[in-house]
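Chemist: Here it is: the structure, laid out below.
Residue numbers (full-length UniProt numbering): 1 to 246.
Next comes the structure, spelled out in structure tokens:
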């Protein structure tokens with residue numbers, strides 16, 4: 001059984017540089033809508049049997065063109081919803097950089113619990129369980145290998161990939177999952193195998209946003225590290241606004 005993990009396209013929260021979390025009404029930008037149509041073109045020729053998505057609007061919009069092209073009825077799964085960031089929801093990323101919890105999220109994700117929200121270990125548990133359960137159900141229903149899509153959010157996908165790669169959750173921030181990217185995991189009776197990771201096709205525009213920065217040894221010790229992914233699974237301060245937050 002093989003799942004294509006699809007991250008939603010660029011959202012209005014991405015460009016505003018805020019942590020969307022489960023906020024209602026966060027839609028795709030025009031660029032995000034273009035990405036959704038491009039995903040449909042990229043994946044439309046594959047023998048995809050099912051599309052499952054987070055119930056949030058930005059994921060619904062992302063799978064819409066693909067579902068239309070394939071003639072499939074998408075189904076949502078609450079267990080694939082975005083992280084509950086609690087009191088961090090809706091806050092600017094620049095403001096969150098000053099929070100003591102920021103470094104915990106970056107370096108000890110398994111111990112990070114968002115105030116008034118959920119912990120990243122909980123996120124991984126529910127997300128991996130959901131993916132594996134859909135995989136089991138589809139296998140029983142079809143009696144053969146099935147290719148399917150799960151459209152969800154950055155941190156959710158990264159937690160699933162960490163499990164598939166056999167790495168500790170504390171290392172999941174080393175995985176980059178860009179908007180509208182696909183990552184592919186094939187589950188077998190003995191082990192999962194990662195066939196693709198952060199695949200955005202021929203579009204490598206995000207690499208243009210990388211700027212030279214001092215080596216870590218030369219950086220100010222108390223200065224927030226914005227070079228890596230931030231909560232939500234996107235790139236930090238070196239990335240362009242279009243690759244902003246969840």
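All C-beta atoms, glycine included, are put in the ideal place defined by N, C-alpha and C.
Helix or strand or just coil, what does DSSP make of residue 152?
Modeler: It is a strand residue.
Chemist: According to DSSP, is residue 175 helix, strand or coil?
Modeler: In the structure shown, residue 175 sits in coil (DSSP, three-state: anything other than H, G, I, E or B).
Chemist: For residue 221, I'd like the list of residues in its chain whose CB is within less than 6 Å of its CB, leaving aside the five on either flank, ordered along the chain.
Modeler: Only weak support exists for where residue 221 lies, its pLDDT of 49 falling under 50; the value from the coordinates is given anyway. Here the set comprises nothing.
Chemist: Any idea if residue 25 is buried or exposed, counting beta-carbon neighbours within 10 angstroms, 16 or more meaning buried?
Modeler: With fewer than 16 Cβ atoms within 10 Å of its Cβ, residue 25 is classed as exposed.
Chemist: Is DSSP giving residue 116 helix, strand or coil here?
Modeler: If DSSP states are grouped into helix, strand and coil, residue 116 belongs with coil.
Chemist: Starting from residue 88 and walking both ways along the beta strand (DSSP E), at which residues does that stretch end?
Modeler: Careful: residue 88 lies outside any beta strand (DSSP E) and carries neither H nor E.
Chemist: Quick one: give me the first and last residue of the alpha helix (DSSP H) that residue 65 is part of.
Modeler: Residues 57–70.
Chemist: With respect to the beta strand (DSSP E) encompassing residue 49, which residues constitute its N-terminal and C-terminal limits?
Modeler: Residue 49 -> beta strand (DSSP E) spans 48–53.
Chemist: Excluding the five sequence neighbours on either side, which residues of its own chain have a C-beta within less than 6 Å of the C-beta of residue 116, listed in chain order?
Modeler: These residues qualify, in order along the chain: 86, 87.
Chemist: What does the alpha-carbon distance come out to for the pair residue 3 and residue 119?
Modeler: Each residue's alpha carbon lies about 25 Å from the other.
Chemist: Take the Cβ of residue 92 as the centre, count every other Cβ of all protein chains shown within 10 Å, and call the residue buried at 16 or more, exposed below.
Modeler: Residue 92 comes out exposed.
Chemist: Closest Cβ-Cβ distance between residue 142 and chain C: below 8 Å?
Modeler: Among the protein chains of the structure shown there is no chain C, as only one such chain exists.
Chemist: For residue 181, which option in 188, 174, 150 has the closest C-alpha, if you only look at C-alpha atoms?
Modeler: With distances taken between Cα atoms, residue 181 lies closest to 150.
Chemist: In the DSSP output, what is residue 182 paired with across the bridge?
Modeler: Answer by DSSP bridge pairing, in chain order: 6, 199.
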